[in-house]
Structure formats: C-alpha cells, structure tokens
Amino acid sequence: NFDDEDNDWMRVARALLDSAAQRSFISEHLMRKLGHQHERVGWFCLSTLHDPGGVVMRLKVVTIHLSSLVRNFTMELECLVVDQPPARHPEVKFARRDFPYLDRLTLADTKAGEDSPIDILIGANALRHVLRSEPIVHPIVRGPSAIPTEFGWVLMGHTALEVIDQFEIVSANGINVKE
Numbered sequence: 002n003f004d005d006e007d008n009d010w011m012r013v014a015r016a017l018l019d020s021a022a023q024r025s026f027i028s029e030h031l032m033r034k035l036g037h038q039h040e041r042v043g044w045f046c047l048s049t050l051h052d053p054g055g056v057v058m059r060l061k062v063v064t065i066h067l068s069s070l071v072r073n074f075t076m077e078l079e080c081l082v083v084d085q086p087p088a089r090h091p092e093v094k095f096a097r098r099d100f101p102y103l104d105r106l107t108l109a110d111t112k113a114g115e116d117s118p119i120d121i122l123i124g125a126n127a128l129r130h131v132l133r134s135e136p137i138v139h140p141i142v143r144g145p146s147a148i149p150t151e152f153g154w155v156l157m158g159h160t161a162l163e164v165i166d167q168f169e170i171v172s173a174n175g176i177n178v179k180e
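Residue numbers for the sequence shown follow the numbering used here, beginning at 2 and rising by one.
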C-alpha cells in the first residue's frame, strides 16, 4: 500500500524487493496518478549490469510511506522518481498448486506469475526494515523459497516446473579451443 498521510488514503502498488539496488525507485506514472509532488531534485550516478561505469542523471526525489495489507507496519521510504523502475517483474509461469508447501503462506504479491509493471523498487537501503526474522520456508525437492517480509511472503528461486527432471543426468564437459 502506498499511504498518503496528508489525505488519509491508500492505494495498492506493486513492488519488487531488489537486494542489488543501492537505492529505491518509484515510477513517474504512479507519482502522476497519485498527484504526489517531489521534494527536491538531485544528481545521481546510476550504474547497471549494462553500464557498470554509471550514468550521471538529474532525478526527482520523493519520500513515500508504505504500509502493509497483512501486518501493522508502515515505513518511510526515499525514492528516486524514474520513468519506469529499472526492473520488470519477470514473466514466469507460476501455479501455486504445484507447490503445496506455500498453501499456508500469505504471499505479498497477489498477482505472482503475472507480467505487470513494477510501481516501486525497494532497494537494499530499505530491506533491513522489510525483512522479518521468521525462518525461510524451503522446498523439499524443487521450487521457490519463501522469505518472510512485513508485506507478506515473497518468493525467490525457480517458480516454474523444471525442464530437466531431477533424476536425469546432464553431462558438462570443458573444452579448450585454439584459434
């Protein structure tokens, strides 16, 4: 939930937890939709896998309040405003019925397995506030692990059926090639 403390209303937003991101981001689209104004503008050096050297950009900065639908939890989060957060939810086929060990868990993402835009990317700077201390739920054989957060359980790992059966053998041989 995106919480607007001034107007006493909330709106559901889709977020991605990204432990590799050093900052948190929010989409310009969501900011416009909410009528929320930025607080300041600053210069930031953003680096990615595609551009590890980084690109210096002038970006808007906003502080938002996120609250949980499943717990009594609210947090303040400083975000950089971007056209689209630097990630999309990966397009995966996820059938919860294939993973019965997840049945008793309340997932944070009610649209798990759908390819829809990410409104907010929560970076490593905020993860310590979001993660809970309960044990991670691991699959017996295959499937995603479930990690407890203040927003519900999030999935990490393979969420689709394996292409290669676990009892098949795959050979991998190293070769050297000379020009």
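The C-beta atom is built at its ideal place from N, Cα and C for all residues, glycine as well.
Distance from the CA of L47 to the CA of V57, rounded to the nearest whole angstrom, comes to 6 Å. Apart from sequence neighbours up to five positions away, the residues of its chain that approach M76 with a beta-carbon distance below 6 Å are L67 and H130, ordered along the chain. A distance below 8 Å between beta-carbons, with the five flanking residues on each side excluded, links R41 to the following residues of its chain, in chain order: K61 and V62. For R33, the enclosing alpha helix (DSSP H) covers residues E29 to L35. Going by C-alpha positions, Q85 is about 28 Å away from R97. C-alpha of L17 to C-alpha of D99: approximately 23 Å in a straight line. Looking at the DSSP output, T107 sits in no beta bridge, so it has no partner there. Shortest Cα-Cα distance from F74 to any of G158, F152 and V142 involves F152. DSSP, read as helix, strand or coil, puts L70 in coil.
Under DSSP, P101 forms no beta bridge with any residue. At a Cβ-Cβ threshold of 9 Å, G124 and D19 count as neighbours. Excluding the 5 residues flanking it on each side, A109 has same chain C-beta neighbours closer than 7 Å at T150, F152, G153, W154 and V155, in chain order. Listed as beta-bridge partners of R24 by DSSP are no residues whatsoever. A Cβ-Cβ distance of about 4 Å is found for the pair I27 and C80, placing them in contact under the 8 Å criterion.
Looking from the CA of S134, the closest CA among L122, I148, A127 and Q23 belongs to I148.
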